[in-house]
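Here the structure comes first, spelled out in structure tokens, and everything after it is commentary.
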């Protein structure tokens, strides 16, 4: 008799933890993801700011489960589901049947329908987006170095929208990249002219944190030279600038969007009840209403806290939800009733830059500064998947710290934006120079 | 009075060495490259076979010369040159004047005009090409895992054309990737069905080496399971297969081209004398005929040995040529006559796989096997640019060696080839399954 088959959609924090727990149970696990690797999202901004390499922040899923004989992986995209047949419909046309299903497909960018943002912004939710952003950012400096007049057009203005942990980390890291590293690379560019502008609609940064932490983050960023605009909304964007609701405009070629997420669009395709942000409505035990064998965890789910409010879309919620669901599947197989999910808040952290972070632990223990920063580094190192990745990241962090060097400042492929070339092609005069062998333009 | 300006086209082995030597002289150096990084080409095949990451094999040029105040860098593509005005014409429309010019733009792929090769082959001369190849190779296994019938269509056949050092290294590394690493990753694929086929037109591999080394390479590859086809030419290629001159065909989705190089097309645009392979004709002192202040070095130049034969297109020729040219520029500035370039053959090496390499030193000292392999590793480690890169590469090599793990097996962006999807889109029947919320195809 075949073992029950548990299919998990998504190899993020939630999906990996669920597969890990289920691998010890008498089930067959099939993990599906559109990429063949797990992405350690909290460190994506470090790829974008040339501190770490993609291969340190991502890990092949098959590599994680090599030793687990009951865990299989399929690279593909889920497009739909047949409740009647308990089957998933894949983009490549194949069908995957399940006995139990865990939906852990995560979140995607929310541009709030603001005009011009989706086309012009650089989001940061995947390795490819991070590499593209890195290439773009460094390209702006190359362009300014070749033609300093571009600075007045905003080529060295970098606008980050969103004052949560992601935006704060991004703004801090960009500023450090420019003033600690790139400042030594460019002779024709006055790197002190590079501006990092952090835009936030609320009246504070890190609004999920205590007011002490909020003030700390604001102070540190401003002290270090990041321009923070609170109570500020983006009205629209285009290829030349970002336009704020109050009428001001910031000329820029780089709009980084860290302002909001919504559930992965898969949630819309399933025909299930959804709540704010598209998150899937789930029972207290994380199963779907009317489908006891189907669960949703992490960012895509609207799992609730004790007060009945949706839990934050953070890694710990996904990880704990995954462990819970694995246990509920076991209970179902044993004919036992399921239990409610109880989230244990282990605290939160955000880093602002060198020596500066905020950490809040559940016993109202808060600390900021150097110690918090070390704690942040340590925690992320421990949560990284794969010993080799941990070792490489550790070495790179040590190297970057002591030498102020960020060697990964490569401009690759897609990200190569050549403002000079675009400009040249638009305004090329008839050539009059005697050029050997080149067709005249 | 302004210092003389030396412009160097190309930041490869030759360009970097020239800039390094010239940085100690009373000149201004401007180094130009279309990428903002130097590529360590001998290790590109290791990116392609998931052993190393791009950021370990490439180094930001500005990073290399951070401390040198008379060395500047411009990221851009040279399209032509005005002899009369001693000026370069850049792709972005700008002009760069020079007092001395060193052309070190290297080589590019030579597909010999064979039908279908340029469109279908995966070349290996840049970081981006290597990443694309890596993604493609691993995608074939993902496709076969999802649909084992594809194996009969050749999705696990990998054809490498060219039996020089590059092709041999590539074939050996691919085979190891499959049988030592991927074999543990895939449950539905019999990885032993994956074939690596090395095609060479001559009657031996590594024809630049001694016959002892040639025999060794052939034996080791065949012993390990690589199929070597000597005396075999490629007639044409398409998306389904490679077609050999003798009428045989090999169904495959992966054709890797390591069969020949020619001078960078820039050589054609300059209107100068060229010889076989498009290489620029140079005087014995490496200056161009009729242009004492313009030099060509490395793969793009036809620098000659004592017998008047063009030197091989290898790193040492570029590096030594660069040192020589820097000295000749100094001599010119001092009003001294120039000297001829004398190449010192320091020997050559090629690696075949784990524990197996060939090394030939000038005193006819030859050795193969484990010792040669260690020597190869050591030499490449020392020539890598940047201490951090050396440390990272060293760690990855140690890791890969002891754990048989190659963690960098990520499929990214462009390289994602989805044979299943193409197949599905071609043959999709009308859907009859009750799928919730998905538009019927």
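Residue numbers (my numbering), protein chains in the order written: chain A, 145 to 585; chain B, 145 to 585.
Quick reminder that beta carbons are idealized off the backbone N, C-alpha and C, glycines included.
From a predicted model like this one, the values you see are computed outputs, not experimental measurements.
(message) Quick check on residue 198(B) - is its C-beta less than 8 Å from some C-beta in chain A?
(response) Here residue 198(B) corresponds to residue number 54 of the second chain, with the count starting at 1. Yes, residue 198(B) counts as interfacial toward chain A.
(request) Tell me where the beta strand (DSSP E) around residue 409(B) begins and ends. (result) For this step, residue 409(B) is matched to residue 265 along the second chain. Note, residue 409(B): premise wrong, no beta strand (DSSP E); not H, not E.
(request) Check the C-beta distance from residue 482(B) over to residue 475(B) and give it rounded, since I have them as a contact under 8 Å. (result) For the purposes of this step, residue 482(B) is taken as residue 338 along the second chain, with counting starting at 1. For the purposes of this step, residue 475(B) is taken as residue 331 along the second chain, with counting starting at 1. Their Cβ separation, rounded to whole angstroms, is 6 Å, which keeps residue 482(B) and residue 475(B) in contact under 8 Å.
(request) Using 10 angstroms around the beta-carbon of residue 611(A), count the other beta-carbons present and answer buried if the total reaches 16, otherwise exposed. (result) No answer is possible for residue 611(A): the residues shown for chain A start at 145 and end at 585.
(request) Rounded to whole angstroms, what's the CA-CA distance from residue 363(A) to residue 213(B)? Just pull it up for me. (result) Stepping through the first chain from its first residue, residue 363(A) is reached at position 219. Stepping through the second chain from its first residue, residue 213(B) is reached at position 69. Approximately 36 Å, taken between the alpha carbons.
(message) For residue 418(B), list the residues DSSP reports as bridge partners.
(response) Along the second chain, read from residue 1 onward, the residue named residue 418(B) stands at position 274. Paired residue(s): 424(B).
(message) Quick check on residue 352(B): does DSSP put it in helix, strand or coil?
(response) Taking the first residue of the second chain as position 1, residue 352(B) is located at position 208. Looking at residue 352(B) - three-state DSSP - the assignment turns out to be coil, as it is neither helix nor strand.
(message) Within 10 Å of its beta-carbon, does residue 526(A) have 16 or more other beta-carbons around it, so buried, or fewer, so exposed?
(response) For the purposes of this step, residue 526(A) is taken as the residue at position 382 of the first chain. Exposed, because fewer than 16 other Cβ atoms sit within 10 Å of the Cβ of residue 526(A).
(message) So if I threshold CB-CB distances at 8 Å, which residues from the region 315 to 330 of chain B count as touching chain A?
(response) 328, 329 and 330
(request) With a threshold of 16 other CB atoms inside 10 Å of the CB of residue 284(B), please say whether the residue is buried or exposed. (result) Along the second chain, read from residue 1 onward, the residue named residue 284(B) stands at position 140. Answer is buried; the Cβ neighbour count reaches 16.
(message) Within 8 Å of any Cβ in chain B, is that where the Cβ of residue 238(A) sits?
(response) Here the question's residue 238(A) lines up with position 94 in the first chain. True, the Cβ-Cβ gap to chain B drops below 8 Å.
(message) For a test of your reading of the model: does the CB of residue 478(B) fall under 7 Å from any non-hydrogen atom of the ligand NAD? Yes or no.
(response) With respect to the ligand NAD, the structure shown offers nothing to examine, as it has no ligands at all.
(message) With a threshold of 8 Å between beta carbons, is residue 176(B) in contact with chain A?
(response) Residue numbering aside, residue 176(B) sits at position 32 when the second chain is read from its first letter. No, because no Cβ of chain A sits closer than 8 Å to the Cβ of residue 176(B).
(message) Quick check: what's the CA-CA separation for residue 139(B) versus residue 377(B)?
(response) Outside the shown range of chain B (145 to 585) lies residue 139(B), about which nothing can therefore be said.
(message) Between residue 181(A) and chain B, is the shortest Cβ-Cβ distance under 8 Å, so that the two count as touching?
(response) Against the first chain, residue 181(A) aligns to sequence position 37. Yes, its Cβ sits closer than 8 Å to a Cβ of chain B.
(request) Return the first residue and the last residue of the beta strand (DSSP E) that residue 244(A) is part of. (result) For the purposes of this step, residue 244(A) is identified with residue 100 of the first chain, where counting begins at 1. Start and end: 244 to 247.
(message) For chain B, check one thing: does any of its Cβ atoms lie closer than 8 Å to the Cβ of residue 591(A)?
(response) Since the first and last residues shown for chain A are 145 and 585, residue 591(A) lies out of range.
(request) Could you check what DSSP says for residue 216(B) in three-state terms: helix, strand or coil? (result) Here the question's residue 216(B) lines up with position 72 in the second chain. Looking at residue 216(B) - three-state DSSP - the assignment turns out to be strand.
(request) Kindly indicate which three-state DSSP category residue 241(B) falls into: helix, strand or coil? (result) Taking the first residue of the second chain as position 1, residue 241(B) is located at position 97. If DSSP states are grouped into helix, strand and coil, residue 241(B) belongs with the strands.
(message) Is there a Cβ of chain A sitting closer than 8 Å to that of residue 172(B), yes or no?
(response) Position 28 of the second chain, counted from the start, is the residue given in the question as residue 172(B). For residue 172(B), the answer is no, since every Cβ of chain A falls outside 8 Å of its Cβ.
(request) Output yes or no for whether 8 Å exceeds the beta carbon distance between residue 192(A) and residue 309(A). (result) As a first step, residue 192(A) must be located in the first chain, where it is residue number 48. As a first step, residue 309(A) must be located in the first chain, where it is residue number 165. No, Cβ-Cβ distance for residue 192(A) and residue 309(A) is not below 8 Å.
(request) Using a threshold of 8 Å, state whether the C-beta atoms of residue 248(A) and residue 154(A) are closer than that. (result) Here residue 248(A) is taken as the residue at index 104 of the first chain, counted from 1. Here residue 154(A) is taken as the residue at index 10 of the first chain, counted from 1. Yes, these two residues count as a Cβ contact at 8 Å.
(message) For a cutoff of 8 Å on Cβ pairs, would you count residue 216(B) as touching chain A?
(response) Within the second chain, the letter at position 72 stands for residue 216(B). Closer than 8 Å to some Cβ of chain A, the Cβ of residue 216(B) qualifies, so yes.
(request) Give me whichever residues DSSP pairs with residue 510(B) in a beta bridge. (result) Position 366 of the second chain, counted from the start, is the residue given in the question as residue 510(B). Note: residue 510(B) sits in a beta bridge opposite 504(B).
(request) Flag residue 271(B) as yes if its beta-carbon sits less than 8 Å from any beta-carbon of chain A, otherwise no. (result) Counting from 1 along the second chain, the entry for residue 271(B) is found at position 127. Yes - at least one Cβ of chain A is within 8 Å of the one on residue 271(B).
(request) Check whether the region 252 to 268 of chain B touches the region 364 to 373 of chain B, counting contact only when three or more Cβ pairs, one atom from each stretch, lie closer than 8 Å. (result) no
(message) Between residue 277(A) and chain C, is any beta-carbon pair separated by less than 8 Å?
(response) As a matter of chain content, chain C is missing from the structure shown, whose protein chains are A and B.
(message) Strictly below 8 Å CB to CB, what residues from chain A border residue 536(B)?
(response) As a first step, residue 536(B) must be located in the second chain, where it is residue number 392. Going along chain A in sequence order, the residues near residue 536(B) (Cβ under 8 Å) are 536, 539 and 540.
(message) Measuring only the C-alpha atoms, how far is residue 468(A) from residue 486(A)?
(response) For this step, residue 468(A) is matched to residue 324 along the first chain. For this step, residue 486(A) is matched to residue 342 along the first chain. Near 9 Å, if we compare the C-alpha coordinates of residue 486(A) and residue 468(A).
(message) Just to make sure I have the definition right: I need the residues of chain B whose C-beta is within less than 7 Å of the C-beta of residue 297(A). Which are they?
(response) Locating residue 297(A) in the first chain gives position 153, counting from the first residue. Within chain B, no residue comes near residue 297(A); the closest Cβ sits about 15 Å away, beyond 7 Å.
(message) When you compare the CB of residue 210(B) with every CB in chain A, is at least one pair closer than 8 Å?
(response) Counting from one through the second chain, the residue named residue 210(B) turns up at place 66. Residue 210(B) counts as touching chain A.
(request) Decide if residue 451(A) is buried, meaning its Cβ has at least 16 other Cβ atoms within 10 Å, or exposed. (result) Counting from one through the first chain, the residue named residue 451(A) turns up at place 307. Exposed.
(request) Run the CB neighbour count on residue 177(A), radius 10 Å, all protein chains shown included, and call it buried at 16 or more, exposed below. (result) The residue you call residue 177(A) lines up with position 33 of the first chain. Per the 10 Å Cβ criterion, buried.
(request) Measure from the alpha carbon of residue 440(B) to the alpha carbon of each residue in 203(B), 183(B) and 244(B), then state which is nearest. (result) Indexing the second chain from 1 puts residue 440(B) at position 296. The shortest C-alpha separation from residue 440(B) is found at 244(B).
(message) On a Cα-Cα basis, can you pick out the residue from 195(A), 180(A), 221(A) and 197(A) that is closest to residue 208(A)?
(response) Position 64 of the first chain, counting from 1, holds the residue named residue 208(A). Comparing Cα positions, the closest option is 180(A).
(message) What does the Cβ neighbour count give for residue 545(B), buried or exposed, with the cut at 16 atoms within 10 Å?
(response) Numbered from 1 along the second chain, position 401 holds the residue referred to as residue 545(B). Exposed.
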